[in-house]
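What follows is a set of notes on a single structure, which appears directly below.
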Amino acid sequence: MKRLLFYIFIALCLVACDNKQKSQSNENHEILSEKDLQGKKVATLTGSSFEIDMAGRSDFKIVRQPTLSDCIASLRQGRVAAIVYDEVCFTDDMLRENGMKKAFRTEKSYPCAFACSKSNLDLVNKFNEFLAKLKSSGELNELTNKWQDCTDYAHPDMPEVSDTLSGEPLVIGTSYTTAPISYMILDKWYGLEIEILNRFGEYIGRPVRYHLYDFAALIPALQSGQIDIAGGVLFATEERQRVLALTDVYYNCYGAFFVMDKDAEISTGDPGLSNIKGSVRNNLVKENRWVFLARGLKVTLEITFFSMFFGSILGFGLLTMRRSQRPWVRKIAQIYSSVLRGIPMVVLLMILFYIVLIGFSGIMVAVVAFSLTFASSFAATMDNAIHAVGDQQHEAGEAMGFTRTQIFRYITGPQALKLALPQFKSEAVSLIKNTSVVGYLAIQDLTRACDMIRARTFEAFFPLLFITIIYFLLAWLIGLFLDFLFKIAIKHLL
Amino acid sequence: MISIRHLSKSYVNPDGSHLDVLKDVSCEIHKGEVIGIIGPSGCGKSTLLRSINRMIQPTSGEVLFEGKNIAAKGYPINLLRQRMGMVFQTFNLFEHLNVLQNVTLAPMKLKGIGQAEAEKEAMQILHKVGLDDKCTAMPADLSGGQKQRVAIARCLAMHPDIMLFDEPLSALDPSMTGEVQTVIRQLAHEGMTMLIATHKLKFAHDVCSRIIFMNKGEIHEEGTPQQIFDNPVRSATKAFVQQIYKLWFTIEGQDFDIVEMHSKMLQFCNKYNIAHIIETAQQIINLMVLIVLADYRPLTVRLSYIEQFERVSLDFMIKDLTTSPLEDNEFVQSVLDDIRALSKEIIEEPTKLGFRIKIFLN
Chain A
37 MKRLLFYIFI
47 ALCLVACDNK
57 QKSQSNENHE
67 ILSEKDLQGK
77 KVATLTGSSF
87 EIDMAGRSDF
97 KIVRQPTLSD
107 CIASLRQGRV
117 AAIVYDEVCF
127 TDDMLRENGM
137 KKAFRTEKSY
147 PCAFACSKSN
157 LDLVNKFNEF
167 LAKLKSSGEL
177 NELTNKWQDC
187 TDYAHPDMPE
197 VSDTLSGEPL
207 VIGTSYTTAP
217 ISYMILDKWY
227 GLEIEILNRF
237 GEYIGRPVRY
247 HLYDFAALIP
257 ALQSGQIDIA
267 GGVLFATEER
277 QRVLALTDVY
287 YNCYGAFFVM
297 DKDAEISTGD
307 PGLSNIKGSV
317 RNNLVKENRW
327 VFLARGLKVT
337 LEITFFSMFF
347 GSILGFGLLT
357 MRRSQRPWVR
367 KIAQIYSSVL
377 RGIPMVVLLM
387 ILFYIVLIGF
397 SGIMVAVVAF
407 SLTFASSFAA
417 TMDNAIHAVG
427 DQQHEAGEAM
437 GFTRTQIFRY
447 ITGPQALKLA
457 LPQFKSEAVS
467 LIKNTSVVGY
477 LAIQDLTRAC
487 DMIRARTFEA
497 FFPLLFITII
507 YFLLAWLIGL
517 FLDFLFKIAI
527 KHLL
Chain B
4 MISIRHLSKS
14 YVNPDGSHLD
24 VLKDVSCEIH
34 KGEVIGIIGP
44 SGCGKSTLLR
54 SINRMIQPTS
64 GEVLFEGKNI
74 AAKGYPINLL
84 RQRMGMVFQT
94 FNLFEHLNVL
104 QNVTLAPMKL
114 KGIGQAEAEK
124 EAMQILHKVG
134 LDDKCTAMPA
144 DLSGGQKQRV
154 AIARCLAMHP
164 DIMLFDEPLS
174 ALDPSMTGEV
184 QTVIRQLAHE
194 GMTMLIATHK
204 LKFAHDVCSR
214 IIFMNKGEIH
224 EEGTPQQIFD
234 NPVRSATKAF
244 VQQIYKLWFT
254 IEGQDFDIVE
264 MHSKMLQFCN
274 KYNIAHIIET
284 AQQIINLMVL
294 IVLADYRPLT
304 VRLSYIEQFE
314 RVSLDFMIKD
324 LTTSPLEDNE
334 FVQSVLDDIR
344 ALSKEIIEEP
354 TKLGFRIKIF
364 LN
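Next up, the structure:
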């Protein structure tokens, strides 16, 4: 409990630091055009067209960040002079809340299109046909204006989708969770793109489903057939045209440079607790955002527990293989362990999801992947523990006429379990933490839920600290759970 | 009860050469016998013992138990092992179980005896080895002697037909061997068939009804303790049972490293607890090597220690010499007088290879 308090204390300190740094960052000159950025740093998202377009610029340097909230954090801390991204990515409210403003637009606009797999040209043609109609009737303009002018994104004006569509679902993958293009409030998706796609679904008589992916995972998902259409302000670049089938342009997006607003009021006074109160309201209470976290927690727990369960069963099999008297069986177990040790978790997940287990849900694939790695560490841990018990007791058991199984059950097993417990706990804890990479499989686990909240609120730290505390509590609870489990196991063995 | 016939065991080294641990060993074990297996380290006593309950699979040969070859594939070895108790040098108690549980585990799990009955019997056996008040102690809290007695009790709980002891006293403090010896003696008295591989010759002499002396993987000599210890026939047996330890040097020329020789002698004397003679021995060697026998090269010097009689002697041997090298002049004689004053006896004698001067230091 003392440790827990210590962690919370550190968390509070970090929040306070964040606030203090904010006030130090405004010594810059007013930035009004690209000339003013000479020799400065500009943040943007990894993999975005801005990064690709501006990486070679000699006048300013591009700094890559994984999420927009990280960009904002950098800007507020004064590490970068500006953020360059889609013009529509921040609402006025958000700019005001963060003390930012839009400085100027980029010179050129970027055409946005949806992407399909090259083998699915039919769908592209149908969409183009639909889009042409939407354009000619002026509805597309209306839609665009409606969303650009929207001020209350929490209560958008969006027509309900008819639920009578009976065709095969049209699966859309997107990485974009920012109003007004596409964003989520609880389970429901809103935004310009969403409304266009919903209408398209009605047009072809298929219900539309949305999945949230990492940007980097969108293209493999398309190619492996997990999604039909990829969206989310995809710029129609030549490079993409080469590997994907792109639809006609539905929206022209300007980029914009965002900077700190010198005139904005920056909260001074006691930053700590009042800030936390605001953060709690903004990140957890508003729009029932805590539900994301609750669901994410459920997914994280599911993956952890099923992986531990199946991983232990598999690991037990692997353990018997490692301790087999046949050298070739031991060799197989050895190869299995070294192969799994050598593959980064993300790569393993991707291979299973896109190549081996096509058609399985993300959670199932994650459970399989984590079971495989957990089995390997389970077997190694137990094997070491049995070695630590020593050969002498094994020898005594053998000389008394116990079989190998009986020796494990009555003699070496209970002692090995006791020895393995601390290592086993740390493996379990690292399993929980490792599950945070499953976001790649469009699974909304705890970390992913946190990212989604950050994408809406643009607070860099509070959601992270909040889930850190949750992860810490989970690790603590799982330690208690394992203590209990091992006690029962040892009792049961004897 | 057990016949061992032409038993061999060899290991293949990583470099392809063979290491023969047992070479064509045959012997009989009768019911009620207490057999001591003695011999230098690495002579194969432990291997022989472990072949009997197939803890080691022999390379060739047979071990017949009730007329059946236990070394054959398909023999129900676990049932056999339940009838053979084995006591280890390192006790090998089950560390997670208390004394009583150590004793009851096998009867309960292997014979299916109920807990109450198993515990009742275990208490009787623990009483017999003098540990009934320690029944709830954990092995880690016991002394070495107590641990070994628990190990014996653990075997007795299975009512074995034969007990195999693999160096039962070697890991024990000298003060603790007594209690274990008492228990083993008591078992011998009750007629338990036992095979005891041991380094403790006095213990083997006192307890065993028959002694097998093994050397280099073979049974070198066997007989009653009186035959083996008091009248050994073969020289290796004699050297072993009398516990003769030797240190050799050959002095080739004048530039012999006498400092190194003295330091090796010091190590030898420390090892066998005879450091008190080192000074005398060094003086005699200096006088003999540097003065009396200065012209005789090569010269072999041997320091021997017979543990049984606690005798230390120095031999000076010169090859291809038939008469005594001790000249009859005044100077040599005066030096020899000095040596006589330091030692107990000087013997001059010709041998097969040359001439030897033996000096007994005590």
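Going line by line, the protein sequences match chains A and B. Take 37 as the starting number for the first sequence in the working numbering and just add one per residue. Take 4 as the starting number for the second sequence in the working numbering and just add one per residue. Idealized CB from N, CA, C, for every residue including glycine.
Notebook entry, point to check: Just how far apart, CA to CA, sit Lys-58 (chain A) and Val-116 (chain A)?
Noted result: Reliability fails at Lys-58 (chain A), whose pLDDT of 47 lies under 50, so the model's placement of it is uncertain and no value is given.
Notebook entry, point to check: Gln-459 (chain A) versus chain B: which residues are under 7 Å apart at the beta carbon?
Noted result: Those do not exist, as Gln-459 (chain A) stays about 18 Å from chain B at its closest Cβ, beyond 7 Å.
Check: What three-state label does DSSP hand Asp-340 (chain B) in the structure shown?
Finding: helix
Check: Is Glu-124 (chain B) close to chain A, meaning its C-beta is less than 8 Å from at least one C-beta of that chain?
Finding: no
Note to self: Once DSSP output is grouped into helix, strand and coil, what is the label at Arg-314 (chain B)?
What the structure shows: strand
Notebook entry, point to check: Based on the DSSP output, what are the partners of Thr-283 (chain A) in its beta bridges?
Noted result: In the DSSP output, where bridge partners are listed per residue, Thr-283 (chain A) has none listed.
Checklist line | DSSP three-state assignment for Thr-210 (chain A), whether helix, strand or coil | finding: strand
Notebook entry, point to check: Any idea which residues DSSP pairs Arg-213 (chain B) with across the strands?
Noted result: B:Ile-38
Next item on the list: With a 10 Å radius around its C-beta and 16 neighbouring C-beta atoms as the bar for buried, classify Ser-303 (chain A) as buried or exposed.
Entry: The predicted model places Ser-303 (chain A) with a pLDDT of 48, which falls under 50 and marks its position as unreliable; any figure quoted below should be read in that light. Looking at its Cβ environment, which holds fewer than 16 other Cβ atoms inside 10 Å, Ser-303 (chain A) is exposed.
Next item on the list: Note down the Cα distance separating Asn-319 (chain A) from Ile-447 (chain A), rounded to an integer number of angstroms.
Entry: 53 Å
Notebook entry, point to check: So what does DSSP say about Asp-122 (chain A), is it helix, strand or coil?
Noted result: strand
Check: Do Val-183 (chain B) and Leu-175 (chain B) come within 8 Å of each other at the CB atom, strictly closer than that value?
Finding: yes
Check: Using 8 Å as the limit for Cβ to Cβ distance, is Pro-363 (chain A) near chain B?
Finding: no
Notebook entry, point to check: Contact check, Ala-266 (chain A) vs Leu-248 (chain A) under 8 Å by CB: the rounded distance?
Noted result: Contact doesn't hold; Cβ gap of about 12 Å is too wide.
Margin query: Within 8 Å of any Cβ in chain A, is that where the Cβ of Asn-95 (chain B) sits?
Written below: yes
Margin query: Less than 7 Å separating the Cβ of Ile-214 (chain B) from some heavy atom of the ligand GDP?
Written below: Annotation note on the ligand GDP: not contained in the displayed structure, which lists no ligands.
Item checked: Residues bridged to Arg-242 (chain A) [DSSP beta-bridge criterion] -> DSSP output for Arg-242 (chain A) lists no bridge partner at all.
Margin query: Here's the rule: buried if 16 or more other CB atoms are within 10 angstroms of the residue's CB, otherwise exposed. What is Phe-294 (chain A)?
Written below: buried
Check: Given that Met-58 (chain B) touches chain A, what residues does it touch there, using C-beta distances under 8 Å?
Finding: Glu-431, Glu-434, Ala-435
Next item on the list: Determine, using beta carbons only, whether His-99 (chain B) comes closer than 8 Å to chain A.
Entry: yes
Note to self: Cβ closer than 8 Å: which chain B residues qualify as neighbours of Thr-439 (chain A)?
What the structure shows: Asn-81
Margin query: List, from N- to C-terminal side, the beta strand (DSSP E) runs of 3 residues or more that fit wholly inside the stretch 118-173 of chain A.
Written below: 118-122, 136-148
Check: So who's on the other strand from Arg-359 (chain B), going by DSSP bridges?
Finding: B:Met-320, B:Glu-352
Margin query: In the DSSP output, which residue or residues are listed as bridge partners for Arg-157 (chain B)?
Written below: Answer is none; Arg-157 (chain B) lacks a bridge partner.
Check: From Ser-212 (chain B) to Asp-341 (chain B), what distance separates their C-alpha atoms?
Finding: 49 Å
Note to self: My output table needs one value for Asn-218 (chain B): the three-state DSSP class, helix, strand or coil.
What the structure shows: strand
Margin query: Looking at the secondary structure, which residues open and close the alpha helix (DSSP H) in which Gly-267 (chain A) lies?
Written below: Unbroken run through Gly-267 (chain A) is the beta strand (DSSP E), 265-267; no alpha helix (DSSP H).
Item checked: Reference Leu-518 (chain A), options A:Pro-458, A:Leu-354, A:Asp-481, closest by Cα -> A:Pro-458
Note to self: Any beta carbon from chain A within less than 8 Å of Arg-152 (chain B)'s own beta carbon?
What the structure shows: no
Item checked: Beta-carbon proximity of Gly-553 (chain A) to Phe-389 (chain A), cut-off 8 Å -> Residue 553 (chain A) lies beyond the stretch modelled for chain A, which goes from 37 to 530, so this question has no answer here.
Margin query: If you measure between the beta carbons of Ile-199 (chain B) and Phe-168 (chain B), is that distance less than 8 Å?
Written below: yes
Notebook entry, point to check: Is the shortest distance between the beta-carbon of Ile-447 (chain A) and the beta-carbons of chain B less than 8 Å?
Noted result: yes
Next item on the list: Alpha carbon to alpha carbon, how far is Ser-472 (chain A) from Ser-173 (chain B)? Give it in angstroms, no decimals.
Entry: 56 Å
Next item on the list: Report buried or exposed for Arg-362 (chain A), applying the criterion of at least 16 other Cβ atoms within 10 angstroms of its Cβ.
Entry: exposed
Check: Under the DSSP definition of a beta bridge, which residues are partnered with Ile-7 (chain B)?
Finding: B:Cys-30, B:Val-66
Note to self: Any beta carbon of chain A sitting closer than 8 Å to that of Lys-71 (chain B)?
What the structure shows: no
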